[in-house]
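Notes for the one structure printed next.
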Amino acid sequence: MKQKNVAGSILVNGFAIVFSALMIIPLLLILINSFKTSLAASDMSLAWPTEWRFDNFQVVIEKGKLDTAFLNSLIYSAGSVAICALCSSMAAFVLSRRRNKSSKWIYLFFVLGITMPINFVSLMKVMQVLHLYNTRVGVVLLYAALQIPFTIFLTYGFVGKIPREIDEAAVIDGCSPIRLFFSVILPLLKPVLVTVMVLTFLNTWNEFILPLYFTGGTDKWPMTLAVYNFFGIYFKDWNLICADIVLTSLPVILVYFLGQKYIVSGMTSGAVKG
Amino acid sequence: MIEKKSYPIYFIFGALVLYVVLCVIPGLIGVGYSFTDWSSYSDEINFVGFKNFETIFSPDENYLRYLTNTLLFTVFTTFCKTVIGLGLAVLLTKKIRGLNIHRAIMYMPAVISTLIVGMIFKSILNPQAGLLNEFLRSVGLGSFALKWLTNSKIAFWSVMAVDIWKGIGYIMTIFIAGILAISPSYNEAAEIDGASAWQRFTSITLPLLMPTLVVTTVLNVLYGLKVFDIVYALTNGGPGYATEVLYTGVYKEFSLGRFAVGTSLSSVMFVFMLIVGFFMIKIMTREEVEE
């Protein structure tokens, strides 16, 4: 019996290691090759670099215009995170607290947006009419709007768990609605807000379709598109492409490790009834 | 009664305006435009009835292939992600060294941009120098070293495989949460009664995991129908039309200035999604209903 357990344990551990390797090798491949010379990286192998080229990163930042792209990505991500989190939590708060039928319907109307596909063609028309086409503000608002349904869905459930007695106590003490929300409710929503902000940030940083459709020139492109553009021009210099990929992915990997707990709780809430 | 005064309706205006103007209205007028001949070639927009849909569903055009490809993608990736994701979740809820490291690594592809994943695999699947074919040759399986992304027979399968690689960690994570929510006492009792590991999986874990399974399926289906990124990044629909899906089709029509056909394709999707969305909402809001 004991022998069987040991064999089973080795088998199970072996499986886990093989699968983890399958997941991480493609990522290691990029990291390793980002330090090689152009010639050494041309066959994109897992061999350790013989000559370490740290200046690849500097070259990429200059040639790939990564400074502008980084700034764009930051504006899009930070802007949409702020707008989406604020608008959604305010709406979720009121919709969850009002117990009438129409609030319920408005909530469902929002949640339906989670599945709704974007019609890029007619959205283009709307963007042009609103003079938002080819503007950074337009892209920020779009990202915020598209992520409002899921964010409302997440925060709505959370608001329901905050006891109403807290509101009542605050109102009796003379709190205005705005003060009630910003100084009483918002601090209590912190856990779900962090989740929402981390998720919105990651989604926006990784996305590239909206800027592809709704910006006219490369000067408004985020890092993901800049790296793709770079890939088209320097397709022979895999070391530079890898360095570009590393720089573009660094922020999300960092946010992932810092906010892992929140990402998992956000991704699984609603999915698992615990 | 603090209802009305303390929960002012204007709190929802910000979210509502953004959502209606940038999501709902484009969706609705998109359906309207799919009955016109809107294009970049002429300023006039005329009503043409169901002509665009006739074009899409006519066997002489390639659009039907976009639809069947999208459906194939949805069914195949949903199936694989569910089976492998569930297997990994069971594996990673056992006593394993470095459990959290394994979980973190397997989730990692999910946080990296699809565009970047596409570029990574363009290198790995390169027929000459790519890591996969180099590996196959080194272990004597050189005959399996194929042109993964340029052979029209296998390109779509390669795309789906890469998508499964990227998406599996997410599904696995949801399954892990589902398995951990099952009270361990059931398994302990069954073990005392002499149930084998397989029996415990099929008679305890799987039935109790059904709600989670429904949710992951809905998520996978929604993702599959909307897929664009991974196809755009790996093959951009080629070779020929072999890997074209609905959304890459929309993008192509859009770039060619054939707005009406593009928006009609979107409308077909819109109808699909409303049906899926209806079920999705039923599932996602079941908690409140039961309370």
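Those protein sequences? They're chains P and U, same order as listed.
Quick note on this note's numbering: the first sequence kicks off at 192 and runs consecutively.
Quick note on this note's numbering: the second sequence kicks off at 1312 and runs consecutively.
Note that beta-carbon positions come from the ideal geometry of N, C-alpha and C, so glycine has one too.
Quick caveat: nothing in here was measured; it's all calculated off a predicted structure.
Worksheet item: Is residue 1390/U helix, strand or coil when you go by DSSP?
Response: Correct three-state label for residue 1390/U: helix.
Discussion item. Please give the ranges of any beta strand (DSSP E) in the stretch 1369-1424 of chain U, keeping only runs that are unbroken, at least 3 residues long and fully inside the region.
Written reply: Runs found: none.
Worksheet entry | Closest Cα partner of residue 382/P within the set 353/P, 303/P, 266/P | 353/P
Worksheet item: Roughly how many angstroms separate the alpha carbons of residue 283/P and residue 1550/U, rounded to a whole number?
Response: 46 Å
Discussion item. Among 329/P, 269/P, 226/P, whose alpha-carbon lies nearest the alpha-carbon of residue 482/P?
Written reply: Nothing can be reported for residue 482/P: it is not among the residues displayed for chain P, which extend from 192 to 465.
Fill in: chain P within 8 Å of residue 1600/U, Cβ atoms only
For residue 1600/U, the predicted model reports a pLDDT of 40, less than 50, meaning its position is unreliable; a value from the coordinates is still stated below. It does not; no Cβ of chain P falls within 8 Å.
Fill in: N- and C-terminal bounds of the alpha helix (DSSP H) containing residue 414/P
414-424
Worksheet item: For residue 1347/U, which beta-bridge partners are listed by DSSP?
Response: 1358/U
Discussion item. I need the DSSP call for residue 268/P, collapsed to helix, strand or coil.
Written reply: helix
Worksheet item: Hey, residue 323/P and residue 337/P: beta-carbon distance below 8 Å or not?
Response: no
Worksheet item: When the Cα of residue 221/P is compared with those of 431/P, 448/P, 447/P, 277/P, which residue comes out closest?
Response: 431/P
Worksheet item: Which same chain residues, not among the five before or five after residue 1574/U, have their C-beta less than 6 Å away from its C-beta?
Response: 1341, 1344, 1345
Worksheet item: So, are the CB atoms of residue 455/P and residue 1484/U less than 8 Å apart?
Response: yes
Worksheet item: Contact between the stretch 1538-1547 of chain U and the stretch 1455-1474 of chain U: three or more CB pairs below 8 Å?
Response: These segments touch.
Practice prompt. Could you tell me the distance, in whole angstroms, from the CA atom of residue 351/P to the CA atom of residue 285/P?
Written response: 11 Å
Discussion item. Can you pull out the residues from the stretch 396-421 of chain P whose beta carbon lies closer than 9 Å to at least one beta carbon of chain U?
Written reply: Cβ contacts with chain U come from 396, 397, 398, 399, 400, 403, 404, 414, 415, 416, 418, 419.
Item to complete: Would you mind reading off the limits of the alpha helix (DSSP H) that contains residue 357/P?
Response: Residue 357/P -> alpha helix (DSSP H) spans 355-363.
Worksheet entry | Under 8 Å by beta carbon: chain P residues contacting residue 1391/U | When 8 Å is used as the limit between beta carbons, residue 1391/U is near no residue of chain P, the shortest such separation being about 14 Å.
Worksheet item: For residue 357/P, which option in 347/P, 300/P, 375/P, 297/P has the closest C-alpha, if you only look at C-alpha atoms?
Response: When each option's Cα is compared against that of residue 357/P, the closest is 375/P.
Discussion item. Just checking: is the beta-carbon of residue 463/P within a distance shorter than 8 Å of some beta-carbon in chain U?
Written reply: Note that residue 463/P scores a pLDDT of 45, beneath 50, so its modelled location is shaky; the value from the coordinates is reported in the next line. Cβ-Cβ to chain U under 8 Å: yes for residue 463/P.
Worksheet item: Given a threshold of 16 other Cβ atoms within 10 Å of its Cβ, counted over all protein chains shown, does residue 258/P qualify as buried or as exposed?
Response: By the 10 Å Cβ count, residue 258/P comes out exposed.
Fill in: Cβ distance (whole Å) where residue 1389/U is taken to contact residue 1490/U below 8 Å
Not really, about 19 Å apart at Cβ, beyond 8 Å.
Practice prompt. Would you mind working out which of 1401/U, 1399/U, 1580/U sits nearest residue 309/P, comparing C-alpha positions?
Written response: 1580/U
Item to complete: Can you give me the start and stop residues for the alpha helix (DSSP H) that residue 247/P sits inside?
Response: 246-254
Discussion item. Just to confirm the assignment, what range does the alpha helix (DSSP H) spanning residue 1444/U have?
Written reply: Residues 1442-1449.
Discussion item. Going by DSSP in three states, residue 197/P sits in which element: helix, strand or coil?
Written reply: Residue 197/P: helix per DSSP, three-state reduction.
Discussion item. Can you check whether the C-beta of residue 346/P is within less than 8 Å of a C-beta belonging to chain U?
Written reply: no
Item to complete: Tell whether a beta-carbon distance below 8 Å holds between residue 368/P and residue 1319/U.
Response: yes
Worksheet item: Who are the near neighbours of residue 274/P in its chain, counting only those whose CB is closer than 8 Å to its CB and skipping five residues on each side?
Response: 331, 332, 335
Fill in: C-beta atoms of residue 1378/U and residue 1557/U nearer than 8 Å
yes
Discussion item. I'd like the list of long-range same chain contacts for residue 1386/U, defined as Cβ closer than 8 Å, with 5 residues on each side in sequence excluded.
Written reply: Closer than 8 Å at the Cβ level, and outside the excluded window around residue 1386/U, lie 1535.
Fill in: Neighbour list for residue 1495/U in chain P, Cβ cutoff strictly below 9 Å
What residue 1495/U touches in chain P: nothing, since even the nearest Cβ is about 14 Å away.
Worksheet entry | residue 464/P to residue 1329/U span [Cα, whole Å] | Its pLDDT being 39, under 50, residue 464/P is placed unreliably in this model, and the coordinates cannot settle the point.
Fill in: Validate contact between the stretch 388-397 of chain P and the stretch 265-280 of chain P using beta carbons, cut 8 Å, 3 pairs
yes
Worksheet item: When the cut-off is 8 Å and only beta carbons count, does residue 192/P lie next to chain U?
Response: Because residue 192/P sits at a pLDDT of 49, beneath the cut-off of 50, its placement in the model cannot be relied upon, and the point is left open.
Practice prompt. Return no unless some Cβ of chain P is closer than 8 Å to the Cβ of residue 1322/U.
Written response: yes
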